[in-house]
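The listed protein sequences correspond, in order, to chains A and B. Numbering of the first sequence is given in the working numbering, commencing with residue 1 and proceeding in unit increments. Numbering of the second sequence is given in the working numbering, commencing with residue 201 and proceeding in unit increments. From the three backbone atoms N, C-alpha and C, an ideal C-beta is built for every residue, glycine too. None of these values were measured; they are calculated from a predicted model. Below is one structure, written out as structure tokens; comments come after it.
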Amino acid sequence: MKNKNVWSIKLSTASLVLIPAAVGVNYIGKLFAQVLKLPLWLDSIGTVLASMLAGPIIGALAGLINNIIYGFMDPVSFVYGITGVAIGVAAGLMARLGFLKSWGKATVMAFTVVVTATVVSTPINIIFWEGQTGNVWGDVLYAAVLNATKTVWLASFLDELIVDLPDKILTVLISYAIYRGLPKNLLQLYFTGSEIEELK
Amino acid sequence: MKPLTLYVDKKSFIHAVDPITKLFYLAFAVLTPVFAPIAYASLICALLSLFLLFWAKVLGNALPAFLFVCFVLLTVIVIQGLFGVSNKTEMFRLSGLIFYQEGLLTGVRVILRVVNIVAAFLVLTLTARTSDLAEDLVRAGLSPRIGYVITSVFQIIPQMISSADTIMDAQRSRGMETEGGLIVRMKAFIPLIGPVVLDSFMGTKERALALEARAFSASNKKTFLRERPVSPYASPIRWTFAALMLAALIWRVAA
């Protein structure tokens with residue numbers, strides 16, 4: 001159940017149609033988080049799931065297209081497209097490297113995704129917002145660290161990390177819980193590496 | 201239902217301009233202030249974008265997007281004013297807090313930068329239909345497969361929102377609690393998102409079959425249902441934006 005090549009680019013039709021579904025799941029995840037008034041965004045579950053199923057390239061595309069689409073509702077989102085790509089690549093690579101076998105491994109995957117997302121978002125925050133994230137708790141920490149150390153990148157990194165940590169960890173773990181429940185005939189579409197999805 | 205895009209259907213010169221030219225404008229408005237070695241380049245570009253929004257009669261529709269970033273920008277100016285790295289010169293005191301000139305200036309620069317970028321994107325998103333943009337990008341050489349992915353998102357999301365409503369009602373009728381403590385609300389998340397994922401991911405299989413039955417993967421050159429005449433002015437306008445951007449870059453290197 002594991003592809004040999006982690007970077008295999010299978011832009012099969014089955015993988016491509018996964019992208020709109022992933023973007024939709026991202027959107028609905030965010031919607032439910034708002035309806036339930038959760039203090040999280042949970043808006044990249046679709047990206048992570050697409051990466052788990054179809055690998056880093058489709059994951060990256062799902063992340064990128066997701067932010068482009070969101071950008072048509074909220075222009076700031078365009079800028080964070082690179083973060084979407086990074087989340088897709090990190091989750092997809094870890095999935096292909098076999099980190100979907102157990103909850104323990106999935107947790108390692110979750111932390112990898114958090115660190116990747118934070119490392120990529122921090123420069124964007126610095127270029128765009130002088131390091132802030134717009135999240136109240138994160139920005140309070142930002143102000144405190146900036147005042148204490150006078151280093152923007154450290155303050156900004158911690159600001160982003162504290163905001164991303166609970167959100168992205170839960171995103172990956174929720175995605176993993178759902179992934180485990182996906183029916184086998186769906187998983188086969190993406191994992192066998194055989195010609196099943198080639199319909200021509 | 202809330203529309204998925206900010207597009208406002210109006211008749212104006214800006215609306216009539218093709219989406220690719222707007223992309224050139226976007227690149228110009230965002231990158232020129234980055235390249236140009238003068239501080240007020242952002243201001244000029246932002247004013248230009250605001251003028252274009254006014255010309256397209258959509259300035260009022262742009263307001264919510266600006267209000268959205270306004271709050272963050274307010275905290276930026278306060279935090280930079282109080283704790284900015286280069287703070288030296290005291291400007292004023294407010295109930296014991298000292299605001300510094302350098303930090304406040306940094307804050308103003310951030311505001312100009314963000315307003316400029318948001319305004320430039322709004323020129324595109326408020327006046328260009330996403331379907332037209334995707335179609336023109338495919339004409340310009342984007343893979344039709346990716347073009348399909350982009351347009352289909354806008355069809356899928358409204359469907360998924362309505363199925364999300366159904367799932368919410370169904371789970372509530374089975375006694376799932378969606379109100380209460382944080383843990384209760386957290387627990388409700390998986391039974392809500394799970395069916396949405398299953399529904400949409402299982403649907404991908406059928407969608408792939410349906411697409412293949414219509415020769416989606418055929419390698420032949422695709423043709424278009426609609427012909428969209430491109431204005432003879434489009435090309436010179438695009439090159440003007442590209443040239444201005446290049447000029448700013450050369451200015452930066454030379455200066």
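Partners in chain A for residue i, counting only beta-carbon separations shorter than 9 Å
| i | result |
| --- | --- |
| B/Gly403 | Val17, Ala21 |
| B/Arg345 | Leu11, Thr13, Leu16 |
| B/Ile390 | Ile174, Ala177, Ile178 |
| B/Leu204 | Tyr27, Ile69, Phe72, Met73 |
| B/Val338 | None at all; the shortest Cβ gap to chain A is about 14 Å. |
Chain-ordered chain A contacts of residue i [CB-CB under 7 Å]
| i | result |
| --- | --- |
| B/Arg407 | Val17 |
Identity of the residue in the options nearest residue i by Cα
| i | options | result |
| --- | --- | --- |
| B/Phe401 | A/Ile45, A/Leu40, A/Phe32, A/Val35 | A/Ile45 |
| A/Ile87 | A/Phe111, A/Lys30, A/Gly71, A/Leu182 | A/Phe111 |
| A/Trp137 | A/Ile126, A/Thr149, A/Leu165, A/Ser121 | A/Leu165 |
| A/Leu38 | B/Ala447, B/Val384, B/Ala454, B/Pro395 | B/Val384 |
| A/Ala14 | B/Pro432, B/Leu392, B/Thr404, B/Pro429 | B/Thr404 |
| A/Val76 | A/Lys101, A/Asn125, A/Phe99, A/Ile57 | A/Asn125 |
| B/Arg426 | B/Glu379, B/Ala408, B/Ala216, B/Asp332 | B/Asp332 |
| B/Arg313 | B/Arg438, B/Ala454, B/Lys222, B/Ala241 | B/Ala241 |
| B/Val285 | A/Asn185, A/Thr171, A/Val152 | A/Val152 |
Any C-beta of chain A under 8 Å from that of residue i
| i | result |
| --- | --- |
| B/Ser242 | no |
| B/Tyr225 | no |
| B/Ile393 | yes |
| B/Leu411 | yes |
| B/Ser400 | yes |
| B/Val315 | no |
| B/Thr232 | no |
| B/Phe364 | Note that residue 364 of chain B is Ala in the sequence shown, not Phe. With 8 Å as the cut-off, B/Ala364 counts as an interface residue toward chain A. |
| B/Phe235 | no |
| B/Phe268 | yes |
| B/Met201 | For B/Met201, the predicted model reports a pLDDT of 49, less than 50, meaning its position is unreliable and no value from the coordinates is stated. |
| B/Ala265 | yes |
Partners in chain B for residue i, counting only beta-carbon separations shorter than 8 Å
| i | result |
| --- | --- |
| A/Phe78 | Phe321 |
| A/Phe157 | Within chain B, no residue comes near A/Phe157; the closest Cβ sits about 15 Å away, beyond 8 Å. |
| A/Ala143 | Ile279, Leu282, Phe283 |
| A/Met94 | Going along chain B, no residue has its Cβ under 8 Å from A/Met94, so there is no contact; the nearest lies around 19 Å. |
| A/Asp139 | Thr275, Ile279 |
| A/Gly181 | Gly394, Leu398 |
Cβ separation of residue i and residue j, assumed to be a contact under 8 Å, to the nearest whole Å
| i | j | result |
| --- | --- | --- |
| A/Ala62 | A/Ala22 | 4 Å |
| B/Val323 | B/Tyr207 | In fact, because the Cβ distance is near 12 Å, the residues do not count as touching under 8 Å. |
| B/Val272 | A/Trp129 | 7 Å |
| A/Val25 | A/Leu49 | 7 Å |
| A/Ala106 | A/Leu173 | 6 Å |
| B/Ile220 | B/Trp255 | In fact, because the Cβ distance is near 19 Å, the residues do not count as touching under 8 Å. |
| A/Thr201 | A/Glu160 | Because chain A here runs from 1 to 200, residue 201 of chain A falls outside it and cannot be looked at. |
Bounding residues of the beta strand (DSSP E) (the contiguous stretch that carries residue i)
| i | result |
| --- | --- |
| B/Tyr300 | 297 to 300 |
C-beta neighbour in chain B for residue i, strict 8 Å
| i | result |
| --- | --- |
| A/Leu49 | yes |
| A/Glu160 | no |
| A/Val115 | no |
| A/Asn129 | The amino acid at residue 129 of chain A is misidentified as Asn; the sequence shows Trp. Yes - at least one Cβ of chain B is within 8 Å of the one on A/Trp129. |
| A/Phe111 | no |
| A/Lys101 | no |
| A/Gln82 | The sequence given here has Ile at residue 82 of chain A, not Gln. No, its Cβ sits nowhere closer than 8 Å to a Cβ of chain B. |
| A/Ile169 | no |
| A/Asn125 | no |
Under 8 Å by beta carbon: chain A residues contacting residue i
| i | result |
| --- | --- |
| B/Met360 | Gly24, Val25, Tyr27, Ile28 |
| B/Ser146 | Any question about residue 146 of chain B goes unanswered here, given that chain B covers just 201 to 455. |
| B/Val272 | Trp129, Gln132, Gly134 |
First through last residue of the alpha helix (DSSP H) which encompasses residue i
| i | result |
| --- | --- |
| B/Arg293 | Here B/Arg293 belongs to no alpha helix (DSSP H); instead the beta strand (DSSP E) covers 290 to 294. |
| B/Gln359 | 344 to 373 |
| A/Asp167 | 152 to 181 |
| B/Leu267 | 259 to 283 |
| B/Arg166 | There is simply no residue 166 of chain B to check, as chain B begins at 201 and stops at 455 in what is shown. |
| B/Asp399 | 382 to 413 |
Proximity test, residue i beta-carbon vs the ligand FAD heavy atom, cut-off 7 Å
| i | result |
| --- | --- |
| B/Phe251 | This structure simply doesn't include the ligand FAD, nor any ligand for that matter. |
Within chain B, the residues that residue i reaches when beta carbons sit closer than 7 Å
| i | result |
| --- | --- |
| A/Leu36 | Thr378, Arg385, Ala388, Phe389 |
| A/Val108 | Those within 7 Å of A/Val108 in chain B number zero; the least Cβ separation is about 21 Å. |
Within chain B, partners of residue i - CB distance below 9 Å
| i | result |
| --- | --- |
| A/Ser63 | Going by the sequence as given, residue 63 of chain A is Gly instead of Ser. Correct list: empty, because the minimum Cβ distance to chain B is about 13 Å. |
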